[in-house]
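In UniProt numbering, the protein residues as written are 1 to 326. Where a beta carbon is used, it is the ideal one built from N, C-alpha and C, also for glycine.
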């Protein structure tokens, strides 16, 4: 009986639908406790994977060392990001990498709006003021009419744009491969930096986009602009961001993701009052978790049965030579 290892702790229940999908397909399902075992350590991850032939994975790092020393045939990411997987090494070792597109967009768009509302209405500071006896009632600019700039205009960006337009924001976006959407102006990168009142990031972290938000690009943003990142922590130079927030060049930021997760206590961003933080939860609502887990399981089952989950495979070039067993 083939074994699937499951690392995300929120999927560690035999009552969930994805578990039944895997069991009915003939898999043994084994949970790996990521709180008990440090899966960021290659030797620990290798040991925990053991003889598993597939893994329903979290963002723990699947390095070349891990991939060369495990028996995994499929890494099925519950989510859309795959920057924690050495894709070249996976392909070289005949390991299919899949993801679950199209299930997180509503949750991520809602989290982005939550940051936007919390920042624009200064919710955190006003809460602190009331609790400490300060009755401050300063007026703030309204959101309607402000420009929301989107770096990346895929499924999540489009979902967010639809909601933002309904709120009366002007929406601009930069994405070299995006098709137009009514009400949204596609702009150059320079236009995005200079015209956005609020800049929201919705691109993967690749060698081309790593630290795309840095001292130079932050300097091109409007004074008093807001940055929101619900994508990947590696997109942002955190030291440069902290400096921009401290100087007042940026009014505020909302971060769901960090370069290192969880961030170290000494991270300067944690000491600032003009930033709203969340623990990488933008894609986590009940419905998204269910759909992610089910699709991740279905990707594994399809491959086991000799079917190719079109559109969900990150390294499709492996198809002609791939088989479940070496």
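Under three-state DSSP, which class holds residue i?
{"i": "residue 271", "result": "helix"}
{"i": "residue 181", "result": "strand"}
{"i": "residue 75", "result": "strand"}
{"i": "residue 151", "result": "strand"}
{"i": "residue 255", "result": "strand"}
{"i": "residue 11", "result": "helix"}
{"i": "residue 314", "result": "coil"}
{"i": "residue 30", "result": "strand"}
{"i": "residue 24", "result": "helix"}
{"i": "residue 250", "result": "strand"}
{"i": "residue 323", "result": "coil"}
{"i": "residue 173", "result": "strand"}
{"i": "residue 132", "result": "coil"}
Residues in its own chain within less than 6 angstroms of residue i by CB, not counting five upstream and five downstream?
{"i": "residue 255", "result": "229, 277"}
{"i": "residue 136", "result": "129"}
{"i": "residue 175", "result": "152, 153"}
{"i": "residue 240", "result": "214, 215, 218"}
{"i": "residue 226", "result": "119, 198, 251, 252"}
{"i": "residue 28", "result": "1, 3"}
{"i": "residue 89", "result": "64, 67"}
Leaving out five residues on either side along the sequence, give the residues of the same chain with a beta carbon under 7 angstroms from the beta carbon of residue i.
{"i": "residue 158", "result": "181"}
{"i": "residue 69", "result": "46"}
{"i": "residue 244", "result": "218, 250"}
{"i": "residue 103", "result": "288, 291, 292, 295"}
{"i": "residue 113", "result": "163"}
{"i": "residue 280", "result": "256, 257, 261"}
{"i": "residue 274", "result": "245, 251, 252"}
Short of 8 angstroms in beta carbon distance, which residues of its chain neighbour residue i, apart from the five on each side in sequence? Order them along the chain.
{"i": "residue 165", "result": "171, 183, 184"}
{"i": "residue 145", "result": "168, 169, 170"}
{"i": "residue 191", "result": "172, 174"}
{"i": "residue 186", "result": "153, 172, 173, 174, 175, 178, 180"}
{"i": "residue 10", "result": "284, 289"}
Answer yes or no: the CB of residue i versus the heavy atoms of the ligand ADP, is any distance below 7 angstroms?
{"i": "residue 137", "result": "Judged by which ligands are present, the structure shown has none, so any question about the ligand ADP falls away."}
Mark residue i as exposed unless 16 or more other C-beta atoms lie within 10 angstroms of its C-beta, in which case mark it buried.
{"i": "residue 149", "result": "buried"}
{"i": "residue 8", "result": "buried"}
{"i": "residue 42", "result": "buried"}
{"i": "residue 134", "result": "exposed"}
{"i": "residue 38", "result": "exposed"}
{"i": "residue 232", "result": "buried"}
{"i": "residue 298", "result": "buried"}
{"i": "residue 59", "result": "buried"}
{"i": "residue 76", "result": "buried"}
{"i": "residue 238", "result": "buried"}
{"i": "residue 53", "result": "buried"}
{"i": "residue 325", "result": "exposed"}
Would the region 165 to 180 count as touching the region 219 to 237 if we require 3 or more Cβ pairs under 8 angstroms?
no
At which residue ranges does the region 276 to 312 contain complete alpha helix (DSSP H) runs of 4 or more residues, listed in the order of the chain?
286 to 304
Inside the region 180 to 242 only - alpha helix (DSSP H) runs reaching at least 4 residues:
189 to 195, 215 to 220
Report the start-end ranges of each alpha helix (DSSP H) in the region 51 to 128 that is 4 residues or longer and not cut off at the edges.
64 to 68, 87 to 92, 105 to 120
Is there contact here, the region 280 to 287 with the region 298 to 316, by at least three beta-carbon pairs under 8 angstroms?
no
Is the region 202 to 210 close to the region 77 to 91, with three or more CB pairs under 8 angstroms?
yes
With three or more beta-carbon pairs closer than 8 angstroms as the criterion, would you say the region 255 to 269 touches the region 92 to 100?
no
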